[in-house]
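Numbering-wise, this note's numbering puts 755 at position 367 of the sequence shown, and it's gapless, one number per residue.
Where a beta carbon is used, it is the ideal one built from N, C-alpha and C, also for glycine.
Below: one structure, written as structure tokens.
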Amino acid sequence: MINRDGANVSLWQDSIQPYRSGTTPTTRQVYDVIIVGGGITGVSTAALLQESGKKCLLLEAANLCFGTTGGTTAHLNTLLDVPYSDISKKFSKEVAKTVANATRNAIQLIRNHINQYDIGCGFTGANGYLFAQNEKQEDELESILKASKEAGLPIDYCDDIPVPCPFTKAVRVAGQAKFHPLPYVYALALAFEKAGGIILQDCRVTGVEENGVLNVETTVDNYRTRNVVYATHIPPGVNLLHLRCVPWRSYAMALTLANNEYPADLSYDMEDPYHYYRTQEVEGRSYFIAGGKDHKTAHEDNTNNRFLQLESHIRKFFDIKEINYQWSSQFFESADGLPYIGHLPGHPENIYVATGYGGNGMVFSSVAAMVLHEMLTKGNDKYDNVFNPNRVKPVAGFTNFISHNADVVKQFAGKWFSHEQLDELSNIAAGEAKVVEFENRKLAIYKSTEGVIYALNPICTHLKCEVKWNNTEMTWDCPCHGTRYNYDGKVIAGPADQDLERIEIRELVDK
Ligand SMILES: Cc1cc2nc3c(=O)[nH]c(=O)nc-3n(C[C@H](O)[C@H](O)[C@H](O)COP(=O)(O)OP(=O)(O)OC[C@H]3O[C@@H](n4cnc5c(N)ncnc54)[C@H](O)[C@@H]3O)c2cc1C
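Printed below as a string of structure tokens:
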């Protein structure tokens, strides 16, 4: 099993061993590209660049697929969460066509890689079904159908759907697919290393000095490069894109069904938030994967409840034999619905980013790999600047990039609490956590199942919002920009890369 950025175990992470890299970076070399982040975006981009002769180094803070790639549900879609009707309206019909073309090419790229490297990742082509359950949804479905057709998707009304959910109207779209994302990422990582690329895990990038050749500061050493790609899901530091990307959490379950009727295709209802369904065979066993119950990060008091809601929703239509896995993970939605892929706003031209995929990062990561590959090898944008992050209008008075981290004033420096005092103050059971107020200051307190207390300053080290406890993944999550910390304040997902301030605890009661 591999580690992931949450306490729940996903179907994917449980079915694979940690990736063992066979390469070591050197501080002497000036790399062509340093790719930061070892999820599907980083590895796909690195593989394409190295294949073209660029000398690349990939740096991952934890382990490959530690982030959302390890907590995805891995539908491969050209029919996107943001409907083509919206894309046509907000941008143009031409842009909708370009996006449809880019996502089609992305699925083709994945297929080509699977053939080229003979990757056993259960990739299967599938139809996608989107179904309406009332008149309002039917109207919406009609406009999605029309705009999707105009964008070039092979889509039309159909009479039946593959899941036993009630529906009034439905459309079927061809050309979708599904796979197990982790063997795919591992095989690309291996191909990348075989082609001369270097991977370093357990290496967090903490800063980039932008002076000619870039000096990349990390928790291991400093490395030099001509270009940096932030494939960190959301870029670290303080950037305009943080004001344009909203963090969301989605919930998923992998189940076995009593009647063994596993739907081969992909299905989606039109509730808000919508539910998504598919099947994947892993190690010879079929799993029905259902997901949904999304909410903005840290906007739910009891995240465990979302699993209960999801389970009760699934039980309405499916005969569950066993719930084998349940997990949740985070994604970032962009302000206008399209991802940001290209030059990182407010930086020199040699710093790149790919973010804001919404719930379609499995395909947009390959779109990102293609766009960044073309920019870094040929200097053009493959998709006519449609995904250009600099389409974002600058915000008056906002300095694009302040530093890797905002200056965080240590509120509790020199102050300490006793274990007993914190226990009394928080009044929580073992395994629980809470933000409490004490002498006009707030404390984030977690009591482990063994009764050990951890106390933190709840102010996020990114832009100073107050974190909230996520009781299902056992993390402190920031509602503003999605930084996530462990129970002990250690940052596990950016944009912040400084830990929460830890509060000193002494065993003395007398102060
Ligand atoms: C529940 C759920 C279901 C989903 N289902 C689908 C789906 O069916 N289809 C689909 O297309 N999309 C889906 N998505 C979205 C998709 O999974 C993501 O968009 C995608 O996995 C993002 O990949 P990534 O490589 O960009 O980011 P990540 O996988 O998050 O990888 C980023 C990596 O960067 C590393 N990192 C961060 N900061 C640093 C640093 N400073 N230094 C070094 N390394 C760093 C992290 O440790 C992490 O490993 C889903 C999302 C969720 C939450």
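When DSSP states are grouped into helix, strand and coil, S716 belongs to the strand group.
Per DSSP, A832 is one residue of the beta strand (DSSP E) stretching across 829-835. Of the other Cβ atoms in all chains shown, 16 or more fall within 10 Å of the Cβ of F752; this residue is therefore buried.
With a threshold of 7 Å, the Cβ atom of M750 counts as near ligand 1, since some heavy atom of the ligand is closer than that.
Where T415 is concerned, there is no enclosing beta strand (DSSP E), because DSSP gives it neither an H nor an E. Contact check for L529 against I543 fails: the beta carbons are separated by 8 Å or more. Around the beta carbon of R637, 16 or more other beta carbons lie within 10 angstroms, which makes this residue buried.
Taken atom to atom, the span from the alpha-carbon of N451 to that of A395 is near 15 Å.
The Cβ atoms of I677 and A640 sit closer than 8 Å to each other.
Residue environment analysis places N391 among the exposed positions, since fewer than 16 neighbouring C-beta atoms fall within 10 angstroms of its C-beta. Rounded to the nearest whole angstrom, the CA to CA distance from D657 to G870 is 27 Å.
In this structure, DSSP gives L533 a helical state, which the three-state scheme calls helix. Contact between the segment 594-603 and the segment 716-726 is absent: fewer than 3 CB-CB pairs across the two stretches fall below 8 Å. In terms of side-chain proximity, the C-beta atom of L447 is found nearer than 7 Å to a non-hydrogen atom of ligand 1. C453 sits away from V617, with the two beta carbons spaced by 8 Å or more. DSSP, read as helix, strand or coil, puts A490 in helix.
V593 has its CB nearer than 7 Å to a heavy atom of ligand 1. DSSP places R666 inside the beta strand (DSSP E), whose first and last residues are 664-670. Under the three-state reduction of DSSP output, T691 falls in the helix class. Going by DSSP, S655 is part of the beta strand (DSSP E) stretching over 654-656. Q438: member of the alpha helix (DSSP H) spanning 428-439, first to last residue. Contact between the segment 571-591 and the segment 428-447 is present: three or more C-beta pairs spanning the two stretches fall below 8 Å.
Inclusion of I428 in the 7 Å shell around ligand 1 follows from its C-beta lying nearer than that to a non-hydrogen atom of the ligand.
Between L629 and the set V741, N522, E482, the nearest pair of CA atoms involves V741. For ligand 1, no non-hydrogen atom lies closer than 7 Å to the CB of V470. Non-local beta-carbon contacts of A434 in its own chain, meaning distances under 7 Å to residues more than five positions away in sequence, involve I423, C444, L446, F580, G585 in chain order. Under the three-state reduction of DSSP output, E526 falls in the helix class. Beta-carbon to beta-carbon, I816 and K835 are separated by about 5 Å, close enough to satisfy the 8 Å threshold.
Selection N845, C853, T849, T837 evaluated against N859 yields T837 as nearest (Cα-Cα). DSSP, reduced to helix, strand and coil, places Y728 within a strand of the structure shown.
Around the beta carbon of F519, 16 or more other beta carbons sit within 10 angstroms, so the residue counts as buried. Around the beta-carbon of Y545, fewer than 16 other beta-carbon atoms lie within 10 Å, marking it exposed. Using a Cβ distance threshold of 8 Å, L541 and S754 do not count as a contacting pair. Within the DSSP bridge table, the entry for C444 names V421 as partners.
Contact annotation, K478 with D724: C-beta distance approximately 6 Å; criterion of less than 8 Å satisfied. Under DSSP, V855 takes part in no beta bridge, so it has no partner.
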